[in-house]
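In this note's numbering, the protein residues as written are 454 to 855.
If you want it as structure tokens, here you go:
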């Protein structure tokens, strides 16, 4: 819910109080949390120093919340964390597909029966209020895009692509889910990614499938269930090829109203056109890069950057990585990201998969408006532990065979 859902944005303070109370209760009543891990203390201290000392208290609160939330949730039960995350994602994915289908077939039925909430949004400068809270959120200006419970499709795609990464690259962490069901879940997630109409999500999906397919030999060698992973590779490869063929047939048949044109070609072309989401991001990156050149080490401060954006282009948004370089500096951001990605810098983590995770983050951070998101924190934190467990399991089995 804290991943910028409509209900969270509508009740931010209430959710932050609940999250804090839950975390405090875990620390107090669960003995294994009495000794807080040193990595978390270091990470939290670095973030606090760079932000609080600069007066960036709003940023500090959001970063601290996400770091604490993932840290505590993951350590409550590491063995079931991935499985629970995938199941929760699938629950909202299936519901979203139902509402999305209704919206495509009968838009008025969706708009007239979902209540308005208190979250104001804008569509290229035209304000309106979102509809829906717990099950689905409607942005009536973009009914052809699947939001699920989030305020925009770009946020939903992070959950989807994180779940897909776990389904494809970490299937042994899903011990209570059968291989056949994992394959079905992966295909449902791929279909749902397409319905988001998010260019960022398409790029992320392409990267995940590309690495999964070309890296299949090492994947097979790492998995205990070799037949299961071979079957998955064949299914995902075939499904991906059919999806690509379908997208190109749609483009040839429908031209400018096709998925490929509306959500990829047109968005690329709009990067330099005023009043578009693509231009808003390129403008943000351009303005912030100029500020970075003047204040490279410790940044110019969030107030300075915000004022510059209001004066030069009030519609600029996204590009949070470059924005963060400009506001708090290159060195502080790299220090924060080092602890974010440090679990990937281990010899037992496949380098191609580590680069994929970093690429997924960069792809999102150049489009979105926050440096850290809960769903984006999951894979870098969890995957290193998963690879370590796999490495120790393989060594143990070799010793037993020896």
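Note that beta-carbon positions come from the ideal geometry of N, C-alpha and C, so glycine has one too. Remember, it's a predicted structure, so these values are computed and weren't measured experimentally.
Per-residue burial, residue i [other beta carbons within 10 Å of its own, 16 or more giving buried]
{"i": "residue 554", "result": "exposed"}
{"i": "residue 558", "result": "exposed"}
{"i": "residue 537", "result": "exposed"}
{"i": "residue 758", "result": "buried"}
{"i": "residue 458", "result": "buried"}
{"i": "residue 699", "result": "exposed"}
{"i": "residue 501", "result": "exposed"}
{"i": "residue 481", "result": "exposed"}
{"i": "residue 821", "result": "buried"}
{"i": "residue 409", "result": "Outside the shown range of the chain, which is 454 to 855, sits residue 409, and nothing can be said about it."}
{"i": "residue 743", "result": "exposed"}
{"i": "residue 691", "result": "exposed"}
{"i": "residue 706", "result": "exposed"}
{"i": "residue 466", "result": "exposed"}
{"i": "residue 510", "result": "exposed"}
{"i": "residue 806", "result": "buried"}
{"i": "residue 809", "result": "buried"}
9 Å Cβ cutoff met for residue i and residue j
{"i": "residue 657", "j": "residue 817", "result": "yes"}
{"i": "residue 572", "j": "residue 604", "result": "yes"}
{"i": "residue 450", "j": "residue 621", "result": "The structure shown does not extend to residue 450, since the chain spans only 454 to 855, so no value can be given for it."}
{"i": "residue 552", "j": "residue 525", "result": "no"}
{"i": "residue 600", "j": "residue 653", "result": "no"}
{"i": "residue 609", "j": "residue 549", "result": "yes"}
{"i": "residue 556", "j": "residue 570", "result": "no"}
{"i": "residue 839", "j": "residue 625", "result": "yes"}
{"i": "residue 811", "j": "residue 784", "result": "no"}
{"i": "residue 830", "j": "residue 515", "result": "no"}
{"i": "residue 539", "j": "residue 638", "result": "yes"}
{"i": "residue 815", "j": "residue 772", "result": "no"}
{"i": "residue 696", "j": "residue 647", "result": "yes"}
{"i": "residue 792", "j": "residue 499", "result": "yes"}
Rounded separation between residue i and residue j - CA only
{"i": "residue 628", "j": "residue 837", "result": "18 Å"}
{"i": "residue 767", "j": "residue 741", "result": "13 Å"}
{"i": "residue 833", "j": "residue 823", "result": "17 Å"}
{"i": "residue 737", "j": "residue 745", "result": "12 Å"}
{"i": "residue 755", "j": "residue 781", "result": "7 Å"}
{"i": "residue 564", "j": "residue 588", "result": "14 Å"}
{"i": "residue 845", "j": "residue 687", "result": "28 Å"}
{"i": "residue 561", "j": "residue 518", "result": "38 Å"}
{"i": "residue 497", "j": "residue 520", "result": "8 Å"}
{"i": "residue 581", "j": "residue 595", "result": "12 Å"}
{"i": "residue 593", "j": "residue 769", "result": "22 Å"}
{"i": "residue 494", "j": "residue 778", "result": "23 Å"}
{"i": "residue 842", "j": "residue 799", "result": "12 Å"}
{"i": "residue 530", "j": "residue 801", "result": "23 Å"}
{"i": "residue 461", "j": "residue 606", "result": "16 Å"}
{"i": "residue 631", "j": "residue 789", "result": "37 Å"}
{"i": "residue 689", "j": "residue 636", "result": "8 Å"}
{"i": "residue 644", "j": "residue 796", "result": "30 Å"}
{"i": "residue 753", "j": "residue 544", "result": "43 Å"}
{"i": "residue 574", "j": "residue 734", "result": "17 Å"}
{"i": "residue 684", "j": "residue 463", "result": "44 Å"}
{"i": "residue 655", "j": "residue 803", "result": "23 Å"}
{"i": "residue 659", "j": "residue 483", "result": "41 Å"}
{"i": "residue 542", "j": "residue 664", "result": "22 Å"}
{"i": "residue 634", "j": "residue 748", "result": "51 Å"}
{"i": "residue 701", "j": "residue 532", "result": "41 Å"}
Sequence-distant residues of its chain with Cβ nearer than 7 Å to residue i (five each side left out)
{"i": "residue 828", "result": "456, 611, 612 and 615"}
{"i": "residue 527", "result": "534, 834 and 835"}
{"i": "residue 469", "result": "518"}
{"i": "residue 761", "result": "740 and 744"}
{"i": "residue 765", "result": "740"}
Close beta carbons around residue i, own chain, < 6 Å, minus the five adjacent residues each side
{"i": "residue 504", "result": "512 and 513"}
{"i": "residue 856", "result": "With the chain covering 454 to 855 only, the question about residue 856 has no answer from this structure."}
{"i": "residue 567", "result": "584, 585 and 591"}
{"i": "residue 794", "result": "833"}
{"i": "residue 651", "result": "606, 607 and 610"}
{"i": "residue 668", "result": "805"}
{"i": "residue 813", "result": "657"}
Beta-carbon contacts of residue i that lie in its chain and below 8 Å, excluding the five residues immediately before and after
{"i": "residue 623", "result": "535, 835, 836 and 839"}
{"i": "residue 522", "result": "455, 472, 476 and 827"}
{"i": "residue 786", "result": "774, 777, 778 and 824"}
3-residue-minimum beta strand (DSSP E) runs that sit fully inside the region 575-639, ordered along the chain = 579-584
Margin query: Going residue by residue through the region 739-795, where are the continuous alpha helix (DSSP H) segments of at least 4 residues, counting only ones entirely within it?
Written below: 755-765, 773-781 and 783-794
*Complete alpha helix (DSSP H) runs within the region 503-564 (minimum length 4 residues, chain order)*: 510-529 and 531-558
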